[in-house]
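In UniProt numbering, the protein residues as written are 1 to 158. So the structure is just underneath, and the comments pick up after that.
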Amino acid sequence: MQFMSSWATEDRRVLLNFSDDVLETFRQHIQSEDFESEAGGILLGTVHGNNMLIIATTIPTIWDKRSRYFFERLPFGHDAIALARWKASQGTVRYLGEWHTHPEYYPSPSDLDRSEWNHLSSRRQDKRPMLAVIVGRKNLYVELVPDSGPGPVMIPVK
């Protein structure tokens with residue numbers, strides 16, 4: 001599966017770029033079989049003005065709750081990795097958002113996804129929008145979620 005690596009808001013004011021390592025993590029967790037559980041983790045990267053470079057992800061831990069149509073990321077493991085990357089980079093690599101899979105070709109967020117994203121975004125200390133990614137079988141759903149609710153859906157850069 002070949003995912004686009006660059007995304008932008010419709011007005012091109014915010015650009016995202018996913019590293020090859022991040023895209024490979026997404027590919028490795030696609031729910032290609034009917035029995036596979038959802039997967040997910042956090043997105044880590046650097047901020048350059050309005051733009052973001054997503055350079056790393058966490059992957060599901062043994063503490064996360066997973067089923068065919070559900071993923072709940074628990075903090076154990078994910079928070080430690082984020083903190084370690086933050087310290088090692090002297091504060092340049094930071095938490096940017098969340099990712100998880102859906103067993104759909106072209107994924108879209110559920111009401112539960114939106115509720116969780118709004119909750120997480122409202123807790124951001126830096127007040128930046130949270131990046132939310134859903135990995136489908138053929139496509140990614142990408143959205144920026146400000147602390148006031150759903151934000152612009154990102155479109156692939158052609």
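Idealized CB from N, CA, C, for every residue including glycine. All values reported here derive from a predicted model rather than from experimental measurement.
First and last residue of the uninterrupted alpha helix (DSSP H) at residue i
i	result
Phe26	Asp20 to Gln28
Trp117	Asp111 to Ser122
Trp86	His78 to Ala88
Rounded C-alpha distance that separates residue i from residue j
i	j	result
Trp63	Glu38	14 Å
Glu24	Leu74	22 Å
Pro146	Ser32	31 Å
Val133	Glu98	6 Å
Leu96	Asp20	17 Å
His102	Val135	6 Å
Glu155	Glu10	With the sequence shown as reference, residue 155 is identified as Ile, and Glu is not the correct amino acid for it. Cα to Cα, Ile155 sits roughly 7 Å from Glu10.
Arg124	Trp117	11 Å
Ile30	Thr92	29 Å
Arg94	Leu112	25 Å
Extent of the continuous beta strand (DSSP E) run through residue i
i	result
Ile54	Asn51 to Thr57
Thr101	Arg94 to Thr101
Phe70	Phe70 to Glu72
Ala39	No beta strand (DSSP E) holds Ala39; DSSP gives it neither H nor E.
Gly127	What sits at residue 127 in the sequence shown is Lys, not Gly. Taken as a continuous stretch (DSSP letters only), Lys127 belongs to no beta strand (DSSP E), as it is neither H nor E.
Arg66	Lys65 to Ser67
Ser6	Ser6 to Ala8
Paired residues, beta bridge with residue i - DSSP
i	result
Arg13	Answer by DSSP bridge pairing: none, since Arg13 is not bridged.
Glu143	Ala132 and Val153
Gly45	Ile54 and Arg94
Buried/exposed call for residue i, threshold 16 Cβ in 10 Å
i	result
Gln28	exposed
Phe76	exposed
Phe35	exposed
Glu143	buried
His100	buried
Ile54	buried
Ala82	buried
Ala8	buried
residue 172	The requested residue 172 is not part of the displayed model; the chain covers only 1 to 158.
Min CB distance residue i to chain C below 9 Å
i	result
Arg94	Protein chain content of the structure displayed is limited to a single chain, and chain C is not contained in it.
Residue closest to residue i, alpha-carbon to alpha-carbon, out of the options
i	options	result
Gly41	Asn50, His119 and Phe26	Phe26
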